[in-house]
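2 protein chains.
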Amino acid sequence: MNKTLMLALLAGFSITLAEAFRVAPEKYRGWNHVKSMVIFDQQHPLFNPFSGVHHVYVNHKGLEAIKKEGKRTFPDGTVIAIVFYEHVLDKGAYVEGAKRIEAFMVKDRKKYSSTDGWGYFGYDGKGKNLVKDMAKDCHSCHAQVKDRDFVFSVWTK
Amino acid sequence: MNKTLMLALLAGFSITLAEAFRVAPEKYRGWNHVKSMVIFDQQHPLFNPFSGVHHVYVNHKGLEAIKKEGKRTFPDGTVIAIVFYEHVLDKGAYVEGAKRIEAFMVKDRKKYSSTDGWGYFGYDGKGKNLVKDMAKDCHSCHAQVKDRDFVFSVWTK
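One line per chain: the protein sequences are Z and B, in this order.
So in my numbering, spot 83 of the first sequence is number 129, and the numbers just go up one at a time.
So in my numbering, spot 81 of the second sequence is number 127, and the numbers just go up one at a time.
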């Protein structure tokens, strides 16, 4: 096997891994709705890349943990979905426009041990993979909330 | 029975009827999330009384109908929940504040025949009943979308 072919195969393999996990909207929109937010102005630290209306959902496995205030630990099998839409101005209101991003956090302590048990997956509105390196692209920022088991979202009361 | 007692009993009975239907957030937030919106400025025609962040959910019975474009008919047993939170400004973003209103539409063609098959229920953030007269307080406005079976909400794609 020549070096170019081997690199191509390795590249293919890593893309397959990164795209391995995805949940259909029909499914995650029937999970539990955790919270929502509209980031509409550049002054917000997350405006780039997370501008727009976003909603966070959790599957049944992670429901109890995400409701906890303070320290929490999500069980293996937890999946958190975040969907981002463009924020469209409509006479004094923001409504949901085109889908911008779909992102998923998957808890599996063994499989994702190098990122503290979390797998990160993200796609643009056309389904193109956005995550090249889970540790660098996602987990480095989530490390801010290590005591919340790396999940920012708080259950809206 | 004196007149005062009779009026008190009648008043009690009508309050019981109006408050008869309510779904807990733990339940409707696990239904299907239909759409969301943030009404933040007085120029929006629904600002009073529907300002803030709102989310619409539908139970399994009404899922197929609410996804339909154009004409649709919801089956008996459909329940639609709408929850309104205050919109809190946070450095270029709106987040969910205190709960303002919880409202429910219940389809039962026999029970609510005088309002085209829909029962309407609403409560403020403290649980106080807001609907005195379903026809006048709610259905008169929903009549605008008769061809959509009196439901404004459209499934976000």
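Backbone N, C-alpha and C define an ideal beta-carbon position, used for all residues, glycine too.
Closest Cα partner of residue i within the set the options
i      : options                           : result
B/V104 : B/I112, B/F93 and B/D179          : B/I112
Z/K172 : Z/E110, Z/N94, Z/K145 and Z/P91   : Z/K145
Z/T119 : Z/K182, Z/H185, Z/W164 and Z/S186 : Z/W164
B/W77  : B/K107, B/Q88 and B/P95           : B/K107
Residue i Cβ short of 7 angstroms to the ligand ZN heavy atom set
i      : result
Z/A181 : Questions concerning the ligand ZN fall outside what the structure shown contains, since it holds no ligand whatsoever.
Same chain only: Cβ atoms within 6 angstroms of residue i, ignoring 5 sequence neighbours per side
i      : result
B/G143 : Y131, E132 and V134
B/A64  : With a pLDDT of only 48 at B/A64, under 50, the local geometry of the prediction cannot be trusted, and the value read off the model is given with reservation. Once the five neighbours on either side are set aside, the close Cβ partners of B/A64 are N175 and V177.
Z/T202 : K81
Z/F198 : V191
B/H101 : S82 and V129
Z/E148 : V129 and Y169
Z/H188 : F196
B/D183 : V177
Nearest-angstrom Cβ-Cβ length linking residue i and residue j, presumed shorter than 8 angstroms
i      : j      : result
B/G98  : Z/I85  : Not a contact, Cβ separation roughly 17 angstroms.
Z/V141 : Z/P71  : With 8 angstroms as the limit, Z/V141 and Z/P71 do not qualify as a contact, their Cβ atoms being about 17 angstroms apart.
Z/F150 : Z/F67  : 6 angstroms
B/S160 : B/A181 : 7 angstroms
Proximity of residue i and residue j at Cβ, strictly below 8 angstroms
i      : j      : result
Z/P121 : Z/K157 : no
Z/A127 : Z/Y166 : no
Z/H90  : B/H79  : no
Z/D193 : Z/K117 : yes
Own chain partners of residue i with C-beta closer than 8 angstroms, once the 5 adjacent residues on each side are dropped
i      : result
Z/L92  : I85
B/H185 : T161, D162, W164, Y166 and F196
B/D87  : F93
Own chain, CB closer than 7 angstroms to residue i, minus 5 neighbours either side, in chain order
i      : result
Z/V69  : V125, A127 and F150
Z/G123 : K107 and K153
B/R155 : D122 and G163
B/T62  : In this predicted model, B/T62 has a pLDDT of only 45, less than 50, meaning its place in the structure is not dependable; the value taken from the coordinates is given anyway. Around B/T62: no qualifying Cβ.
B/E110 : none
### Message
Ignoring anything shorter than 4 residues, give me the alpha helix (DSSP H) runs that lie fully in the segment 125 to 171 of chain B, in order along the chain.
### Response
Those alpha helix (DSSP H) runs which fall completely within the segment 125 to 171 of chain B and span 4+ residues do not exist here.
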